[in-house]
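What follows is one structure encoded as structure tokens, with my remarks underneath.
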Amino acid sequence: MVDTAARIFRFRGLLATLTARELKARYRGSLLGFFWSLVNPLLLLGVYGVVFGLILDPARGGGVDPYFVFLVTGLFPWIWFSSSLLEGASSLLANAGLIRKAVFPAELLPAVSVAANLVHLLLALPIAVGAVLVGRYLGHPVAGWGALALPGVILIELPLVAGLALGLAALTAHFKDVRDILTNFLTLLFFATPIIYPLDAVPEGWIRTLVRANPLTSYTLAYQESLFYGRVPEASLWLQMALVSLVGWAAGAWLFGRLRETVVEAV
Amino acid sequence: MSEAPEPPRLSVEELTKLYRRATPGDQFRTLKSALLEGTLTRGLAPKNAITALDGVSFSVGAGEAFGVIGGNGSGKSTLLKVVAGILKPSSGRVEARGRVAALIELGAGFHPEISGRENVYINGAVLGLSRKEIDRRFDDIVEFSGLGDFIDEPVKNYSSGMYVRLGFAVAVHTEPDVLLVDEVLAVGDEAFAHRCLRRIEELLAAGRTLLFVSHALDLVEDLCDRVLWLDGGRARLLGSPRRVVDAYRQAVAEDEGREHQEAKSRSDARAESRSAGPQELETDEEGEPLRWGSRRAEIASARLLVGKPAAERYHFECGDPVAFEIEVAADEPLDDFVFGVAVNTPRGVECWGTNTDLAGLEARRLTGRARVRLVCPRFRLAPGEYLADVAVHSRDGTPYDYRRKVFAFSVTARERGVGLYFPEHRWETEGGVEWETVDESGP
Numbered sequence: 325m326v327d328t329a330a331r332i333f334r335f336r337g338l339l340a341t342l343t344a345r346e347l348k349a350r351y352r353g354s355l356l357g358f359f360w361s362l363v364n365p366l367l368l369l370g371v372y373g374v375v376f377g378l379i380l381d382p383a384r385g386g387g388v389d390p391y392f393v394f395l396v397t398g399l400f401p402w403i404w405f406s407s408s409l410l411e412g413a414s415s416l417l418a419n420a421g422l423i424r425k426a427v428f429p430a431e432l433l434p435a436v437s438v439a440a441n442l443v444h445l446l447l448a449l450p451i452a453v454g455a456v457l458v459g460r461y462l463g464h465p466v467a468g469w470g471a472l473a474l475p476g477v478i479l480i481e482l483p484l485v486a487g488l489a490l491g492l493a494a495l496t497a498h499f500k501d502v503r504d505i506l507t508n509f510l511t512l513l514f515f516a517t518p519i520i521y522p523l524d525a526v527p528e529g530w531i532r533t534l535v536r537a538n539p540l541t542s543y544t545l546a547y548q549e550s551l552f553y554g555r556v557p558e559a560s561l562w563l564q565m566a567l568v569s570l571v572g573w574a575a576g577a578w579l580f581g582r583l584r585e586t587v588v589e590a591v
Numbered sequence: 130m131s132e133a134p135e136p137p138r139l140s141v142e143e144l145t146k147l148y149r150r151a152t153p154g155d156q157f158r159t160l161k162s163a164l165l166e167g168t169l170t171r172g173l174a175p176k177n178a179i180t181a182l183d184g185v186s187f188s189v190g191a192g193e194a195f196g197v198i199g200g201n202g203s204g205k206s207t208l209l210k211v212v213a214g215i216l217k218p219s220s221g222r223v224e225a226r227g228r229v230a231a232l233i234e235l236g237a238g239f240h241p242e243i244s245g246r247e248n249v250y251i252n253g254a255v256l257g258l259s260r261k262e263i264d265r266r267f268d269d270i271v272e273f274s275g276l277g278d279f280i281d282e283p284v285k286n287y288s289s290g291m292y293v294r295l296g297f298a299v300a301v302h303t304e305p306d307v308l309l310v311d312e313v314l315a316v317g318d319e320a321f322a323h324r325c326l327r328r329i330e331e332l333l334a335a336g337r338t339l340l341f342v343s344h345a346l347d348l349v350e351d352l353c354d355r356v357l358w359l360d361g362g363r364a365r366l367l368g369s370p371r372r373v374v375d376a377y378r379q380a381v382a383e384d385e386g387r388e389h390q391e392a393k394s395r396s397d398a399r400a401e402s403r404s405a406g407p408q409e410l411e412t413d414e415e416g417e418p419l420r421w422g423s424r425r426a427e428i429a430s431a432r433l434l435v436g437k438p439a440a441e442r443y444h445f446e447c448g449d450p451v452a453f454e455i456e457v458a459a460d461e462p463l464d465d466f467v468f469g470v471a472v473n474t475p476r477g478v479e480c481w482g483t484n485t486d487l488a489g490l491e492a493r494r495l496t497g498r499a500r501v502r503l504v505c506p507r508f509r510l511a512p513g514e515y516l517a518d519v520a521v522h523s524r525d526g527t528p529y530d531y532r533r534k535v536f537a538f539s540v541t542a543r544e545r546g547v548g549l550y551f552p553e554h555r556w557e558t559e560g561g562v563e564w565e566t567v568d569e570s571g572p
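Line by line, the protein sequences give chains Y and A. Here the first sequence is numbered in the working numbering, starting from 325 and rising by one per residue. Here the second sequence is numbered in the working numbering, starting from 130 and rising by one per residue.
Structure follows, in structure tokens:
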């Protein structure tokens with residue numbers, strides 16, 4: 325687990341180059357280029373915002389106001405998480421030529437997916453910040469200096485995302501079914517995380533316990549705390565995140581380490 | 130070359146590599162074994178595994194060029210990939226000292242969408258160079274590759290030759306201690322191949338080590354100090370290039386000879402069944418007839434006999450004694466007949482032909498069954514593939530039975546030369562000429 329991290333660190337220069345390559349290659353030949361990376365989250369935002377904020381009774385939205393702004397703070401980090409996992413899972417298969425014919429540090433490929441999507445998140449964040457500021461300008465009790473904790477939340481989530489991407493990449497190389505399972509699982513996870521609804525709106529009882537027990541909930545709460553409410557997340561929340569990240573990284577890196585030797589033959 | 134006193138740059142011990150045969154039922158078992166033991170193949174029944182390498186051992190010293198030859202599927206590329214560290218050995222050990230650069234496939238690791246320049250940096254980083262080190266070598270790399278302005282084009286627009294040139298340029302400029310090259314030189318043009326070879330020679334002179342996999346046997350012979358012949362994943366022969374390459378060529382020719390023999394027995398069987406049924410015209414691939422004639426005398430079979438004692442074989446060494454044997458049958462007695470044999474290359478170049486009439490043999494009587502042999506005590510055809518025609522016809526040329534391409538055979542030779550015919554020869558010189566005698570047979 326440590327040596328996987330060490331290897332990624334050792335090849336950090338290559339990681340940066342490959343991430344730049346990934347971003348460049350993705351938008352080369354398209355007119356809007358980088359703006360496409362914003363179109364997707366904004367579209368999702370629009371759809372959820374209209375459906376849950378306007379069509380369905382806004383009063384039942386758990387009383388978060390403005391709903392669009394609330395949605396933004398949870399949705400953008402989620403997109404980072406889910407895209408990293410989906411792209412990371414396929415990264416070894418997509419680059420089969422590279423790892424089969426050259427001596428290549430395979431752990432970089434899922435890491436590149438995570439890093440490239442992190443860049444997208446960072447580019448989208450100004451929109452979220454702007455939305456929160458507009459909310460405050462309109463007189464809502466949102467935004468605050470607690471937003472400065474945001475980089476910390478992203479940083480503490482990074483090992484989780486990277487670990488899961490690594491593990492899923494190694495698994496997918498051996499069993500292509502993983503990709504389909506993952507797509508469906510992520511849909512489930514999305515609705516089981518308080519992103520499009522505040523945790524308070526969930527009826528008390530087993531269902532709230534379930535949503536609260538979702539490992540991803542702590543991160544979402546932390547994003548909402550810091551960005552939407554402008555408060556520094558509580559210590560217990562940090563602790564939960566640290567724990568989940570540690571376990572996520574350890575599990576993913578272990579899985580990858582176990583399967584890395586056979587990946588070349590499997591892809 | 131003599132063994133270096135220092136420990137070898139590359140040593141391979143009892144290397145075995147198994148591949149998993151793709152059987153869906155095994156998937157979860159292999160996942161389990163992969164998770165528990167880190168291998169896909171342990172715990173697999175032998176019938177579900179393919180042995181690509183089987184207990185291969187060798188070591189290569191500094192400054193040595195080591196060649197690996199063998200047919201397709203003999204395990205050459207697997208060997209290179211295991212040595213490179215791309216694949217993990219199933220058992221055994223590979224130890225390489227210093228930086229290993231592998232040129233396994235053209236442009237492996239190049240991203241098609243981005244420019245050659247960026248790819249050089251990525252490729253160099255993969256080979257273990259820092260950005261600064263690549264900066265320093267960048268101009269040399271571009272110059273060596275001969276790409277010029279193309280270096281800023283996306284790699285997808287490159288020709289296959291440009292791919293391999295850039296790939297090779299990066300690989301050799303990383304100054305690897307061990308360079309692994311798999312058959313990629315064949316892609317570039319002649320000039321580039323020469324430049325690559327010069328560069329390889331320079332690396333060797335600087336004490337670097339080369340592991341070279343190729344089907345270009347002449348190149349292997351020229352370049353390498355020792356050669357390993359892999360056959361079905363096993364080391365069949367290891368030794369001086371001359372000896373190993375010759376043995377390999379010999380074995381290939383013997384295999385071809387066997388194939389010729391099998392092809393011949395198949396066509397004999399066909400001819401047999403055909404002669405029972407209605408006569409139809411046999412033709413070759415170009416639609417030319419293979420057999421014609423009135424059949425007043427019929428060639429029942431034709432064989433090639435090689436060696437002493439003579440045995441039916443379709444491969445021989447240049448200079449071996451051979452005999453073309455024709456078995457003929459005539460229902461009614463004939464008094465006008467000529468037997469002929471001709472040897473052609475597959476492309477139709479006539480190499481040699483003769484007949485009993487040209488030899489001054491006067492026909493008197495042919496009746497019932499008979500055997501006719503054309504005996505050549507030292508048949509000195511150049512190495513290659515040949516086809517034989519045999520015929521029996523009247524003196525004025527009216528064919529009784531003319532059979533083209535009745536069998537094929539292959540010839541190998543220890544000596545070298547070009548053309549169709551290797552006469553016995555030696556070089557003699559007088560006056561101001563001096564020679565250094567090189568012992569070509571090697572250790």
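Quick reminder that beta carbons are idealized off the backbone N, C-alpha and C, glycines included.
Query raised in the report: If I179/A and V356/A are in contact, beta carbons under 8 Å, what's the gap, nearest whole angstrom?
Result: Counting from one through the second sequence, the residue named residue 179/A turns up at place 50. Counting from one through the second sequence, the residue named residue 356/A turns up at place 227. So it is not a contact: roughly 25 Å between Cβ atoms.
Requested in this report: Output the distance between the C-alpha atoms of K500/Y and L484/Y, rounded to the nearest integer angstrom.
Outcome: Here the question's residue 500/Y lines up with position 176 in the first sequence. Here the question's residue 484/Y lines up with position 160 in the first sequence. About 22 Å.
Report task. Output the distance between the C-alpha atoms of P321/Y and T412/A, rounded to the nearest integer angstrom. Result -> Not covered by the structure: residue 321/Y. The range shown for chain Y is 325 to 591.
Report task. Using alpha carbons as the reference points, say which of P450/Y, S550/Y, S406/Y lies closest to L488/Y. Result -> By one-based count along the first sequence, residue 488/Y stands at place 164. Among P450/Y, S550/Y, S406/Y, the Cα nearest to that of L488/Y belongs to S406/Y.
Query - Helix, strand or coil at I233/A according to DSSP, with G and I counted as helix - result: Stepping through the second sequence from its first residue, residue 233/A is reached at position 104. DSSP places I233/A in coil when its eight states are reduced to three.
Query - Chain-ordered neighbours of V588/Y on chain A, where CB pairs are closer than 7 Å - result: In the first sequence, residue 588/Y corresponds to position 264, counting from 1. The answer, in chain order, is I215, L216.
Requested in this report: Could you list which residues in chain Y have their beta carbon closer than 9 Å to that of S259/A, in chain order?
Outcome: Working through the second sequence from its first residue, we reach residue 259/A at position 130. Simply G337.
**Report entry** For R337/A, three-class secondary structure by DSSP
**Finding:** Numbered from its first residue, the second sequence carries residue 337/A at position 208. The answer is coil: DSSP assigns R337/A none of H, G, I, E or B.
Query raised in the report: Between the segment 230 to 254 of chain A and chain Y, which residues of the former have a C-beta closer than 7 Å to a C-beta of the latter?
Result: A231, I233, E234, A237, G238, H240, E242, I243, E247, Y250, I251, A254
Requested in this report: Confirm, please, whether the CB-CB distance from L338/Y to V185/A is below 9 Å.
Outcome: Against the second sequence, residue 185/A aligns to sequence position 56. Against the first sequence, residue 338/Y aligns to sequence position 14. For V185/A and L338/Y, no; Cβs fall outside 9 Å.
Report task. Could I get the ranges of all uninterrupted beta strand (DSSP E) runs contained in the segment 376 to 453 of chain A, with 3 residues as the minimum, in chain order? Result -> 426 to 435, 444 to 446
Query - Given A492/A as reference, the closest of V504/A, G469/A, R507/A, D465/A once Cα atoms are compared - result: Counting from 1 along the second sequence, the entry for residue 492/A is found at position 363. Cα-wise, what sits closest to A492/A is D465/A.
**Report entry** Proximal chain Y residues relative to Y148/A, where beta-carbon distance stays under 7 Å
**Finding:** One-based indexing of the second sequence puts residue 148/A at position 19. Neighbours of Y148/A on chain Y, chain order: E589.
Report task. Anything in chain A within Cβ reach of K348/Y, meaning under 7 Å, just list it in chain order. Result -> As a working mapping, residue 348/Y is identified with position 24 in the first sequence. Within 7 Å Cβ-Cβ: I243.
Query raised in the report: For C480/A, which three-state DSSP category applies?
Result: Taking the first residue of the second sequence as 1, we reach residue 480/A at position 351. In this structure, C480/A counts as strand in the three-state DSSP scheme.
Requested in this report: Give the range of the alpha helix (DSSP H) segment to which E350/A is assigned.
Outcome: Walking along the second sequence from the start, residue 350/A turns up at place 221. It spans 346 to 352 - the alpha helix (DSSP H) in which E350/A sits, taken as one unbroken run.
**Report entry** Neighbourhood of V388/Y by C-beta, 7 Å cutoff - its chain only, sequence neighbours within 5 removed
**Finding:** Locating residue 388/Y in the first sequence gives position 64, counting from the first residue. So the qualifying residues of the chain are F394, P522.
Query raised in the report: To which residues does DSSP link I179/A through a beta bridge?
Result: Counting from 1 along the second sequence, the entry for residue 179/A is found at position 50. Secondary-structure assignment with DSSP links I179/A through a beta bridge to Y148/A.
Report task. Let me know the secondary structure DSSP gives S259/A once reduced to three states. Result -> Locating residue 259/A in the second sequence gives position 130, where the first residue counts as 1. In the structure shown, S259/A sits in coil (DSSP, three-state: anything other than H, G, I, E or B).
Query raised in the report: Under three-state DSSP, which class holds W358/A?
Result: By one-based count along the second sequence, residue 358/A stands at place 229. Strand, per DSSP.
Query raised in the report: Closest to W578/Y by CA distance: which of A493/Y, N441/Y, L378/Y is it?
Result: Translated into positions along the first sequence, residue 578/Y becomes position 254. For W578/Y, the nearest C-alpha among the options comes from A493/Y.
Query - Span separating the alpha-carbon of I480/Y from that of P539/Y - result: Reading the first sequence from its first residue, position 156 is the one you call residue 480/Y. Reading the first sequence from its first residue, position 215 is the one you call residue 539/Y. Cα to Cα, the separation comes out at about 13 Å.
Report task. Could you have a look at L342/Y and say whether DSSP puts it in helix, strand or coil? Result -> Locating residue 342/Y in the first sequence gives position 18, where the first residue counts as 1. Helix, per DSSP.
Query raised in the report: Nearest-angstrom Cα distance between W619/Y and G370/Y?
Result: The requested residue 619/Y is not part of the displayed model; chain Y covers only 325 to 591.
Requested in this report: May I have the straight-line CA-CA distance separating A430/Y from E234/A, to the nearest angstrom?
Outcome: Within the first sequence, numbered from 1, the residue matching residue 430/Y stands at position 106. Within the second sequence, numbered from 1, the residue matching residue 234/A stands at position 105. One C-alpha to the other measures close to 18 Å.
Query raised in the report: Comparing alpha-carbon positions, which option in V223/A, G386/A, T496/A, D525/A lies nearest L487/A?
Result: Numbered from 1 along the second sequence, position 358 holds the residue referred to as residue 487/A. Minimum Cα distance to L487/A is reached at D525/A.
Report task. Put E559/A into one of helix, strand or coil per three-state DSSP. Result -> Counted from its first residue, the second sequence places residue 559/A at position 430. Look at E559/A here: in three-state DSSP terms it is coil, with no helix or strand label.
Query raised in the report: Below 9 Å between beta carbons: does that hold for L442/Y and R503/Y?
Result: Walking along the first sequence from the start, residue 442/Y turns up at place 118. Walking along the first sequence from the start, residue 503/Y turns up at place 179. Against a cut-off of 9 Å, the Cβ pair of R503/Y and L442/Y comes out as no contact.
Report task. Determine which residues of the segment 567 to 587 of chain Y have a Cβ less than 7 Å from any Cβ of chain A, and write them out in chain order. Result -> R582, L583, E585, T586
Requested in this report: Could you have a look at P283/A and say whether DSSP puts it in helix, strand or coil?
Outcome: Reading the second sequence from its first residue, position 154 is the one you call residue 283/A. Three-state result, P283/A: strand.
Query - Residues of its chain near G406/A, where Cβ-Cβ distance is below 7 Å and the 5 sequence neighbours each way are ignored - result: Residue mapping note: residue 406/A aligns to position 277 of the second sequence, counting from 1. Confidence at G406/A is low in this model, with a pLDDT of 44, below 50, so its placement is unreliable and no value can be given for it.
**Report entry** Under the three-state DSSP convention, the category P528/A falls into
**Finding:** Along the second sequence, read from residue 1 onward, the residue named residue 528/A stands at position 399. Here P528/A sits in strand by DSSP.
Query raised in the report: Between the C-alpha atoms of L549/A and P512/A, what's the straight-line distance to the nearest angstrom?
Result: Counting from 1 along the second sequence, the entry for residue 549/A is found at position 420. Counting from 1 along the second sequence, the entry for residue 512/A is found at position 383. The alpha-carbon atoms of L549/A and P512/A are separated by roughly 8 Å.
Query - According to DSSP, residues forming a beta bridge with Y351/Y - result: Here residue 351/Y is taken as the residue at index 27 of the first sequence, counted from 1. In DSSP, Y351/Y forms no bridge with anything.
Query raised in the report: Can you tell me whether DSSP reads K534/A as helix, strand or coil?
Result: Sequence index remark: in the second sequence, residue 534/A carries index 405 (1-based). If DSSP states are grouped into helix, strand and coil, K534/A belongs with the strands.
Query raised in the report: Nearest-angstrom Cα distance between R420/A and S539/A?
Result: By 1-based counting over the second sequence, the position of residue 420/A is 291. By 1-based counting over the second sequence, the position of residue 539/A is 410. Roughly 22 Å separates the two Cα atoms.
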